[in-house]
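S.K.: Mapping to UniProt numbering: the sequence shown position 1 is 1, numbers consecutive.
This is the structure, below, for whatever I ask next.
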Amino acid sequence: MDENIKKAEYYYKKGVGVGNKGDVEKALEYFNKAIELNPLYRDAWFNKALALRILGRYDEARECFFRGLSVEKYLMCKKQNINDEK
Numbered sequence: 001m002d003e004n005i006k007k008a009e010y011y012y013k014k015g016v017g018v019g020n021k022g023d024v025e026k027a028l029e030y031f032n033k034a035i036e037l038n039p040l041y042r043d044a045w046f047n048k049a050l051a052l053r054i055l056g057r058y059d060e061a062r063e064c065f066f067r068g069l070s071v072e073k074y075l076m077c078k079k080q081n082i083n084d085e086k
């Protein structure tokens, strides 16, 4: 597994943990770090959107939500292409 993907997962899990404890600002920092390391981290995009919504930053939340959907669509297409090659 790529080192950046491992690090992104670490920061994502930290974000979820602190977010569940109520520190949404810190969670947002962790989600941003996870996305920086792995821009295709769909769950990090969705959780970033949720954190932004909780903070009342609705326009940014909407952008991140749709970015997460775009990533999901891309990953599904990529998976389909791999399956088609078999």
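Ideal Cβ positions, reconstructed from N, Cα and C, are used throughout, including at glycine.
Mind checking which residues open and close the alpha helix (DSSP H) that includes residue 17?
M.R.: If you number the sequence shown from 1, residue 17 lands on position 17. Where residue 17 is concerned, the enclosing alpha helix (DSSP H) stretches over 3 to 20.
S.K.: For residue 55, report the span of its alpha helix (DSSP H) as first-last.
M.R.: Along the sequence shown, one-based indexing puts residue 55 at 55. That residue, residue 55, is in no alpha helix (DSSP H); it is neither H nor E in DSSP.
S.K.: Helix, strand or coil for residue 38? Go by DSSP, reduced to three states.
M.R.: By 1-based counting over the sequence shown, the position of residue 38 is 38. Residue 38 falls in the coil class under three-state DSSP.
S.K.: Look at the alpha carbon of residue 56 and the alpha carbon of residue 78, and state the distance between them as a whole number of angstroms.
M.R.: Numbered from its first residue, the sequence shown carries residue 56 at position 56. Numbered from its first residue, the sequence shown carries residue 78 at position 78. One Cα belongs to residue 56, the other to residue 78, and the distance between them is close to 34 angstroms.
S.K.: Out of 40, 4, 6, 8, point me to the one whose CA is closest to residue 73's CA.
M.R.: Stepping through the sequence shown from its first residue, residue 73 is reached at position 73. Nearest of 40, 4, 6, 8 to residue 73, Cα basis: 40.
S.K.: Going by beta-carbon coordinates alone, are residue 48 and residue 28 separated by less than 9 angstroms?
M.R.: Within the sequence shown, numbered from 1, the residue matching residue 48 stands at position 48. Within the sequence shown, numbered from 1, the residue matching residue 28 stands at position 28. Contact flag set, yes.
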